[in-house]
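Heads up: the structure comes next, in structure tokens.
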Amino acid sequence: MSTYVNANVEKEQKLSQYKGVLVFGEQKDGKILTVTYELLTRGRKLADDLGCELSCVLLGDEIDGLEEVVKRGADKVFFIKDAALKNFLPRPYSKAITKLCEELKPEVIVAAATTTGRTVMPLVAAMLDTGLTADCTELTVDADTRLLLQTRPAIGGNIMATIKTPDHRPQMATVRPKSAKPAAFDANRTGEVIVKKYEGATFFTPEKFLEYIKDTTQEVSIEEADIIVAGGKGMKNADGFKMVEELARILGAGVGATRDAVELGWTTYPHQIGLSGKTVAPKLYFAFGLSGKIQHLAGMQTSEVVVAVNKDPDAQIFKVADFGIVGDVFEVVPMMIEAFKNLKANA
Amino acid sequence: MNIVVLVKQVPGTDNVKMDPVTGVMIRSGKDTIINPLDENALAEAIAIKNSHENVKVTAVSMGPESAMKAIKEAIAMGADGGVLISGRAFAGSDTIATAKAIAAAIRKLGDVDLILCGERATDGETGQTGAMIAYYLGIPVATYVSAVEVKEGGVIVKRTVEGGFERVEIPFPVMVTVNKDINEPGFPTLKGKLKAKERAVPVYGPAELGLDPAELGLKGSPTRVVKVFSPKLSRDTIMKKADGTTGPVEEMMKFLAGKEAI
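Protein chains in written order, with the UniProt record's numbering: chain R, 1 to 347; chain P, 1 to 262.
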């Protein structure tokens, strides 16, 4: 009995050393990426609920505008500065973050579910021997236990699972980019910017970053787009699919597609949305001639407003739509194109 | 050169059935496939084997005994052999516990130069295990890879990242997780199927891998699923029927303006 009690006290003492919320901000070419400010929105809420400090860590060689991270909600900004951290490489990045975590002992770490966050966080979790929950859509704090409740879609979005990390610290999660609004700028906020230099061979790695090649084939990247116009098999052929592209052009939107549409060659893989493609969360999503298989829904159901047009009134897509029109896409979509053209002409 | 390909058995995604009461996926052993992105990883390994000399490809899977099917399929498609990690002690493993077990199995295989797997599986969708395995093996990792160029002593990979691509040079041994752009997976051959039937595949449990049961399964998993629920799929949908007039589209425009979506 007493051994059990002692073990519990020991565990609680160990866990209670961990304080504060840390978010992993991202930069490219020394410019802070917007996703950092989205993380500050998430982090600020958690820090307020836990009654603790919010810190943000950024890695790089030179970074502009670190003060802005304070103005948008961080109490402390840690800039780990090293020439080896200029471009993303998994080893040096994970070692640097782990080093800071060993010093800070944060209770919670939140990163973005970007290619960077989703690569570095598993390494950090393994180094710190703690849990990590990927791609969370919701993060809350249990008021009684102070535990982080991490909710994410599982099994292709068929179910939601809430996950916690009861006995390990830090509690770590990644959240989808675009799933929170960037934190607002407040010129009066104060905080600290701390430049960290870890000398020595800490960041030695056998990997060599060669180059970054910008993909110019995508006019509007669907992950960044505020509006997406997507089409499926119901567009019938490549010509039909052009309507999707036309409306997207008028709206300055990204073009999305189901796996079927990509496999039929109407558009290319970078446009594929769903389990085997990209996950998107735009403000507005148009779904034309697609039935809404779970695989597709998994990639778009967190869109803010969804408009669907489909012949079949029982199509799954209507379940996630805010506005649905039952009808032939070849009748309805041209009318929409007209309506948006007029709207633009009168704006 | 020794290549390991990780293949995960997942539900055939077009046939996922949910228990209407509990909202939990009904897993049936019959209706399973190799995780599609792992098939890309396998195809890449086989392509490397076909274009280089002295390449051996071993498929490794972790799962119930039925996951043997995934390994046999991998052999039918061109892998030389396989290993299955299986046992009750592994049940309920999260990504960390899974990575520890798989890393132990790879270590047991001896000198491995290149490990390939899909960047995520269609069931768990976490995309975490690949990187974690690399950590436990003490080797570098490259994720979201859409091209692998094997060179003397290492690889040059092309990673698909936000807005473009990165090229990174990494010496062996290295873990590479691939995306769909990398290739078009092939099909099993008759010769391969016959080979798969004959080839004995060892099954490793905790004892064979020298693992402490406390580090495995649910016990060895820092994360706990506390609640599972159905997502609120249905929104308060406004439904209109197309009637040949512009009425429904006009209403949609009003609706979008009201939502400040346009």
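Ideal Cβ placement from N, Cα and C applies to all residues, glycine included.
Cβ-based burial, residue i [other Cβ within 10 Å; buried from 16]
i: GLU38/R; result: buried
i: ILE213/R; result: exposed
i: HIS52/P; result: exposed
i: LEU290/R; result: buried
i: LEU247/R; result: buried
i: SER86/P; result: buried
i: GLU152/P; result: exposed
i: ASP16/R; result: Residue identity check: residue 16/R is Ser in the sequence provided, not Asp. Answer is exposed; the Cβ neighbour count stays below 16.
i: THR189/P; result: exposed
i: GLN128/P; result: buried
i: GLY247/P; result: exposed
i: ARG176/R; result: buried
i: residue 264/P; result: This structure gives no information on residue 264/P, because the portion of chain P shown stretches from 1 to 262.
i: LYS278/R; result: buried
i: MET1/R; result: Annotation note: pLDDT 47 at MET1/R (below 50); position unreliable, coordinate value reported separately. Per the 10 Å Cβ criterion, exposed.
i: VAL9/R; result: exposed
Other residues of its chain near residue i: CB distance less than 8 angstroms, five sequence neighbours each side excluded
i: ARG107/P; result: LEU137
i: ALA257/P; result: none
i: ILE32/R; result: GLY25, GLU26, LEU58, ILE63, ASP64, GLY65, LEU66, GLU68 and VAL69
i: MET252/P; result: LYS240
Residue i in three-state terms, based on DSSP
i: ARG189/R; result: coil
i: GLY234/R; result: helix
i: TYR37/R; result: helix
i: GLY164/P; result: strand
i: THR151/R; result: strand
i: CYS101/R; result: helix
i: MET127/R; result: helix
i: PRO182/R; result: coil
i: LEU264/R; result: coil
i: PHE90/P; result: helix
i: GLU169/P; result: strand
i: residue 348/R; result: In the structure displayed, chain R extends from 1 to 347; residue 348/R sits before or after that span and is not available.
i: residue 340/P; result: For chain P, the structure presents residues 1 to 262; residue 340/P sits outside this window and is missing.
i: PHE241/R; result: helix
i: VAL10/P; result: strand
i: GLY23/P; result: In this prediction, GLY23/P has a pLDDT of 47, which is less than 50 and means its spatial position is unreliable; what the coordinates show is noted afterwards. In the structure shown, GLY23/P sits in coil (DSSP, three-state: anything other than H, G, I, E or B).
i: ARG44/R; result: helix
i: GLU10/R; result: helix
i: VAL201/P; result: coil
i: ARG169/R; result: coil
Residue i, enclosing beta strand (DSSP E) - first and last residue
i: GLU149/P; result: 141 to 151
i: VAL178/P; result: 174 to 178
i: GLU62/R; result: Looking at the DSSP string, GLU62/R is not in any beta strand (DSSP E), and its letter there is neither H nor E.
i: ARG224/P; result: 224 to 229
i: ASP135/R; result: 132 to 136
i: residue 288/P; result: The first residue shown for chain P is 1 and the last is 262, placing residue 288/P beyond what the model contains.
i: MET77/P; result: No beta strand (DSSP E) holds MET77/P; DSSP gives it neither H nor E.
i: ASN87/R; result: Here ASN87/R belongs to no beta strand (DSSP E), and DSSP marks it neither H nor E.
i: ALA59/P; result: 56 to 62
i: LEU190/P; result: Careful: LEU190/P lies outside any beta strand (DSSP E), inside the alpha helix (DSSP H) at 190 to 198.
Segment limits, alpha helix (DSSP H) that includes residue i
i: GLY127/P; result: Element bounds for GLY127/P: n/a, residue is neither H nor E.
i: VAL69/R; result: 66 to 71
i: GLU252/P; result: In the sequence as presented, Glu is not what sits at residue 252/P; that position holds Met. Looking at the DSSP string, the run of the alpha helix (DSSP H) that includes MET252/P is 247 to 258.
i: ALA105/P; result: 95 to 109
i: MET336/R; result: 329 to 346
i: ILE294/R; result: 294 to 300
6 angstroms Cβ shell around residue i - same chain, five flanking residues per side excluded
i: ALA134/R; result: THR174
i: residue 351/R; result: Because chain R in this structure spans residues 1 to 347, residue 351/R falls outside the shown range and cannot be described.
i: ALA315/R; result: SER291 and GLY292
Beta-carbon proximity list for residue i, same chain, < 7 angstroms, skipping 5 on both sides
i: GLU44/P; result: LEU116, VAL148, VAL178, ILE182 and ASN183
i: ASP328/R; result: LYS311
i: ALA83/R; result: ASP61
i: PRO64/P; result: SER86
>> For the segment 176 to 194 of chain P, list every residue whose C-beta sits within 7 angstroms of some C-beta in chain R, in sequence order.
In response: Residues passing the 7 angstroms Cβ filter: LYS180 and ASP181.
>> By the 9 angstroms beta-carbon criterion, what residues does the segment 80 to 94 of chain R contribute toward chain P?
In response: Here the close residues are ASN87, PHE88, LEU89, PRO90, ARG91 and SER94.
> In the segment 91 to 104 of chain P, which residues sit with their C-beta less than 8 angstroms from some C-beta in chain R, listed in chain order?
Replying inline: The segment 91 to 104 of chain P vs chain R, Cβ under 8 angstroms: ASP94, THR95, ILE96 and ALA99.
> Between the segment 59 to 70 of chain R and chain P, which residues of the former have CB atoms less than 9 angstroms from a CB of the latter, in chain order?
Replying inline: Cβ contacts with chain P: none found.
>> Beta carbons nearer than 8 angstroms to chain R: which residues of the segment 155 to 179 of chain P have them?
In response: Listed by position, the residues of the segment 155 to 179 of chain P near chain R (Cβ gap below 8 angstroms) are ILE156, ARG159, THR160, VAL161, GLU162, GLY163, GLY164, PHE165, GLU166, ARG167, VAL168, GLU169, ILE170 and PRO171.
>> Can you pull out the residues from the segment 141 to 153 of chain R whose beta carbon lies closer than 7 angstroms to at least one beta carbon of chain P?
In response: Listed by position along the chain: PRO153.
> Between the segment 28 to 45 of chain R and chain P, which residues of the former have CB atoms less than 8 angstroms from a CB of the latter, in chain order?
Replying inline: Within the segment 28 to 45 of chain R, no residue qualifies.
> At a Cβ cut of 7 angstroms, what residues of the segment 106 to 117 of chain R count as close to chain P, listed as they run along the chain?
Replying inline: Answer in chain order: THR114 and THR115.
> In the segment 128 to 147 of chain P, which residues sit with their C-beta less than 7 angstroms from some C-beta in chain R, listed in chain order?
Replying inline: So the list reads GLN128, ALA131, MET132, TYR135, TYR136, PRO140, VAL141, THR143 and TYR144, given in the order they occur along the chain.
>> Tell me which residues of the segment 324 to 340 of chain R have at least one Cβ-Cβ distance to chain P shorter than 7 angstroms, keeping chain order.
In response: Per Cβ criterion, the list reads GLY324, ILE325, VAL326, GLY327, ASP328, GLU331, VAL332, MET335, MET336 and ALA339.
> Closer than 7 angstroms, Cβ to any Cβ of chain P: which residues of the segment 221 to 237 of chain R, in chain order?
Replying inline: Cβ contacts with chain P come from SER221 and GLU223.
> At a Cβ cut of 9 angstroms, what residues of the segment 203 to 217 of chain R count as close to chain P, listed as they run along the chain?
Replying inline: Near chain P, meaning a CB-to-CB distance below 9 angstroms, the residues of the segment 203 to 217 of chain R are THR205, PRO206, GLU207, LYS208, PHE209, LEU210, GLU211, TYR212, ILE213, LYS214, ASP215 and THR216.
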